[in-house]
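Report on one structure; see the data block that follows.
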Amino acid sequence: MSSAYQTSHDSPAATPFGAIEGTHWIETLADGSPVLIRPLRPDDRQRETDFINRLSGEACRFRFLGGMKGANPALIDSLMDVDARQRMAFLALAHDNGELREVGVSRYAASADDKHCECAVTVADDWRHRGLAVLLMRRLIEAARKNGFRQMFSIDAAENEPMRELAAYLGFTRRLDPDDAAHVIHTFDL
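Okay, so the sequence shown: first residue is 71 according to this note's numbering, each after it adds one.
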């Protein structure tokens with residue numbers, strides 16, 4: 071893991087994001103690329119839309135477990151609905167031609183019992199294999215712990231090899247989804 075990034079620089083400012091300390095973090099990826107990681111904000115709506123629209127068909131299929139391509143307003147409404155406790159999201163931003171572009175996102179949503187949360191992570195196709203998913207998931211795991219969740223889980227396509235590798239690296243356990251053989255469930259005790 072230490073080869074995937076250098077230590078982050080926590081902002082000393084107080085945060086409006088629940089139990090999250092700091093407002094943003096500057097991280098350096100394995101290839102030396104810097105990224106800004108911070109909680110999703112309401113003014114990120116267009117960034118989130120652009121991010122989804124740039125994803126490859128395979129990335130969309132793995133993230134949304136279906137064949138959709140592109141972002142519709144209802145999907146964006148649901149993705150933007152965060153409160154930093156029951157629903158949390160972290161963006162990774164990088165400079166691209168003078169603009170900050172979203173290059174990754176991790177998120178969780180509480181289950182009905184408020185002890186478990188479902189998580190997801192997505193990295194832009196051109197930013198994969200640099201350690202970004204690990205950084206985003208570590209921030210998400212930290213937030214879920216601080217917000218009192220006991221277990222994090224994700225439901226993924228069984229053929230999603232990158233998620234299998236990430237989940238194993240982070241210490242998630244894997245089992246077949248008893249309701250759908252095409253999916254697996256990754257779980258992580260917080």
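We put the beta carbon where it would ideally sit given N, CA and C, even for glycine.
For Met207, the uninterrupted alpha helix (DSSP H) segment begins and ends at 202-216. With fewer than 16 other CB atoms across the displayed protein chains lying within 10 angstroms of its CB, Asp166 is exposed. Inter-residue distance for Ala194 and Gly140 is about 14 angstroms (C-alpha atoms, whole angstroms). Around the CB of Thr243, fewer than 16 other CB atoms lie within 10 Å, so the residue is classed as exposed. For Arg157, the enclosing beta strand (DSSP E) covers residues 157-166. With a threshold of 16 other beta carbon atoms within 10 Å, Arg220 falls short and is exposed. In this structure the segment 168-176 does not lie against the segment 236-256, because fewer than three pairs of beta carbons, one per stretch, are closer than 8 angstroms.
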